[in-house]
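What follows is one structure encoded as structure tokens, with my remarks underneath.
There are 2 protein chains.
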Amino acid sequence: MAVPKHANGQRRGRGSRGPARPRALDAASGAGPGQAESLDFAELNGHIGYFLRRLQVAVFSNFIRTLAPMDVRPAQYSVLVLIASNPGRSQSAIGQALNIERARLARMLHELERRNWIERRAAPDDRRSHSLHLTDTGAKALARIRSLAARHEERMVEVIGRDRRLLLLDLLREFG
Amino acid sequence: MAVPKHANGQRRGRGSRGPARPRALDAASGAGPGQAESLDFAELNGHIGYFLRRLQVAVFSNFIRTLAPMDVRPAQYSVLVLIASNPGRSQSAIGQALNIERARLARMLHELERRNWIERRAAPDDRRSHSLHLTDTGAKALARIRSLAARHEERMVEVIGRDRRLLLLDLLREFG
DNA sequence: ATAATATGTTGTCATTGACAACAATCTTCG
DNA sequence: CGAAGATTGTTGTCAATGACAACATATTAT
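Chains as they are written, first to last, in our numbering: chain Z, 1 to 176; chain D, 1001 to 1176.
This is the structure we're talking about:
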């Protein structure tokens, strides 16, 4: 497996973290040197989805890059965290909560089990379902993962702006 | 081709559009009947990416569903709109602007050309590149597409709340 | 001119989301 | 009780997407 290709490029160190308006996270935005007279985006600018998409991609990209040392992707992270906070739940419970289709989750859990981070135990009450738990190894890994995730979130604060981030979280909390 | 599988389910009519707090757009959120004591999401709630992702997926899902009659996906839409607003630009210009990799864009343009919506003309100044234009058919299609896209955006306003949407647009505008 | 770059194209892989089919278990209800 | 129906997890498979290598053609830099 190793580092997935998906962890795409986008370095671009940028020192100065002045209080000034944060710069774009990633990609396109125009701004670069030697670029033909920038295009007219007016129409796209009316679409929420357009911005949401770009921001989401940029945020995930940073997440993947930051967590590369543990080779954990966002979906895996959310599953691990949810299992940690809710040990013993079934695959269907976790899947529904995160909106991950059961077939997809089954395969993701295979991978996490292969890494010895989680285990499926027989559920006492319903022999169809498995109850999910972190292993000790998983708990240790999660500790490291959490610290990387925290670093990622800090970086998002830097780029987006602390207040903006809070506003976003507030805005979005109602939809999760 | 026909309607791509991707245009996933998620109907769920909901009459009453009172001024009350808008309900979730899609998926999971808990709330449903007969669901085990809802899970602890506290940790994920600290992550912007988590919300961004869910909201973005929900918004795109609605977009795809709303534009299904024209079988246009978000990326195609953005390409069409950008070509319409900036006729004659090269593939690389459009690709960079939208952050679409050139190989991917090449194939997308094949499809749009097959549908007779756009054409690649020889660029006068640089014979490597193609200058992109809508066809008449494409312009007519885009008219319909735009009206569907407007309907989608209206729906987003309904769900997200007019003021919230403006706030979001404001917040996100700086990052596109 | 020669080398380095840029543009568009095709080939190919990995990841993801979706869906169908299946076995093993519950649940419902006659 | 017992058969019909639903749920849970699993595997197989397809389509869309993003990435990247290799290539031909053309342009720019040295």
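Beta carbons: idealized from backbone N, C-alpha and C, even for Gly.
Contact test: residue i Cβ vs the ligand MG heavy atom, cutoff 7 Å
i: residue 1043(D); result: Here there are no bound small molecules, and the ligand MG is not part of this structure.
Distance between residue j and residue i (C-alpha atoms, nearest Å)
i: residue 1081(D); j: residue 1094(D); result: 10 Å
i: residue 66(Z); j: residue 173(Z); result: 24 Å
i: residue 1123(D); j: residue 83(Z); result: 56 Å
i: residue 86(Z); j: residue 119(Z); result: 13 Å
i: residue 21(Z); j: residue 1168(D); result: Bear in mind that the predicted position of residue 21(Z) carries a pLDDT of just 42, short of 50, making it too unreliable to give a figure here.
i: residue 1013(D); j: residue 1156(D); result: Its pLDDT being 33, under 50, residue 1013(D) is placed unreliably in this model, and the value from its coordinates should be taken loosely. The alpha-carbon atoms of residue 1013(D) and residue 1156(D) are separated by roughly 14 Å.
i: residue 1044(D); j: residue 113(Z); result: 22 Å
i: residue 1141(D); j: residue 1069(D); result: 11 Å
i: residue 148(Z); j: residue 1049(D); result: 14 Å
i: residue 1164(D); j: residue 171(Z); result: 7 Å
i: residue 99(Z); j: residue 1116(D); result: 37 Å
i: residue 133(Z); j: residue 143(Z); result: 15 Å
i: residue 135(Z); j: residue 1138(D); result: 57 Å
i: residue 1041(D); j: residue 1131(D); result: 50 Å
i: residue 58(Z); j: residue 1096(D); result: 15 Å
i: residue 1054(D); j: residue 1104(D); result: 25 Å
i: residue 1038(D); j: residue 1158(D); result: 27 Å
i: residue 1162(D); j: residue 121(Z); result: 47 Å
i: residue 1063(D); j: residue 109(Z); result: 31 Å
Within-8 Å CB hit, residue i to chain Z
i: residue 1016(D); result: Because residue 1016(D) carries a pLDDT of 35, less than 50, the predicted location of this residue cannot be relied on, and the following value inherits that uncertainty. No, residue 1016(D) does not count as interfacial toward chain Z.
i: residue 1134(D); result: no
i: residue 1028(D); result: With a pLDDT of only 41 at residue 1028(D), under the threshold of 50, the placement of this residue in the model should not be trusted; the figure read from the coordinates follows. By this cut-off, residue 1028(D) is an interface position.
i: residue 1155(D); result: no
i: residue 1072(D); result: no
i: residue 1126(D); result: no
i: residue 1123(D); result: no
i: residue 1139(D); result: no
i: residue 1040(D); result: yes
i: residue 1081(D); result: yes
i: residue 1168(D); result: yes
i: residue 1048(D); result: yes
i: residue 1093(D); result: yes
i: residue 1097(D); result: yes
i: residue 1053(D); result: yes
i: residue 1164(D); result: yes
i: residue 1085(D); result: yes
i: residue 1147(D); result: no
i: residue 1034(D); result: Model confidence at residue 1034(D) stands at a pLDDT of 36, short of 50, so the residue's coordinates are unreliable; what they give is reported in the following sentence. No, because no Cβ of chain Z sits closer than 8 Å to the Cβ of residue 1034(D).
Short CB-CB distance (under 8 Å) between residue i and chain D
i: residue 109(Z); result: no
i: residue 5(Z); result: Residue placement at residue 5(Z) cannot be trusted, given a pLDDT of 39 that sits under 50; the coordinates are not used to answer.
i: residue 172(Z); result: yes
i: residue 43(Z); result: yes
i: residue 88(Z); result: no
i: residue 158(Z); result: no
i: residue 129(Z); result: no
i: residue 151(Z); result: no
i: residue 56(Z); result: yes
Selection from the options that minimises the alpha carbon distance to residue i
i: residue 1061(D); options: 1153(D), 1086(D) and 1040(D); result: 1153(D)
i: residue 1128(D); options: 1059(D), 1157(D), 1053(D) and 1091(D); result: 1091(D)
i: residue 1111(D); options: 1096(D), 1088(D) and 1077(D); result: 1077(D)
i: residue 72(Z); options: 52(Z), 145(Z) and 116(Z); result: 145(Z)
i: residue 1166(D); options: 52(Z), 40(Z) and 125(Z); result: 52(Z)
i: residue 1101(D); options: 1115(D), 1117(D), 1170(D) and 1079(D); result: 1079(D)
i: residue 107(Z); options: 138(Z), 75(Z), 69(Z) and 126(Z); result: 75(Z)
i: residue 160(Z); options: 49(Z), 40(Z), 42(Z) and 56(Z); result: 56(Z)
i: residue 126(Z); options: 89(Z), 98(Z), 39(Z) and 49(Z); result: 89(Z)
i: residue 1150(D); options: 39(Z), 64(Z) and 46(Z); result: 46(Z)
Residue i: first and last residue of the uninterrupted alpha helix (DSSP H) it sits in
i: residue 1100(D); result: Neither: residue 1100(D) is in no alpha helix (DSSP H) and is coded neither H nor E.
i: residue 988(D); result: Residue numbering for chain D in the displayed model covers 1001 to 1176; residue 988(D) lies beyond these limits and cannot be assessed.
i: residue 1084(D); result: 1074 to 1085
i: residue 58(Z); result: 48 to 66
Span of the beta strand (DSSP E), counted from its first residue to its last, around residue i
i: residue 131(Z); result: 130 to 134
i: residue 1119(D); result: 1118 to 1122
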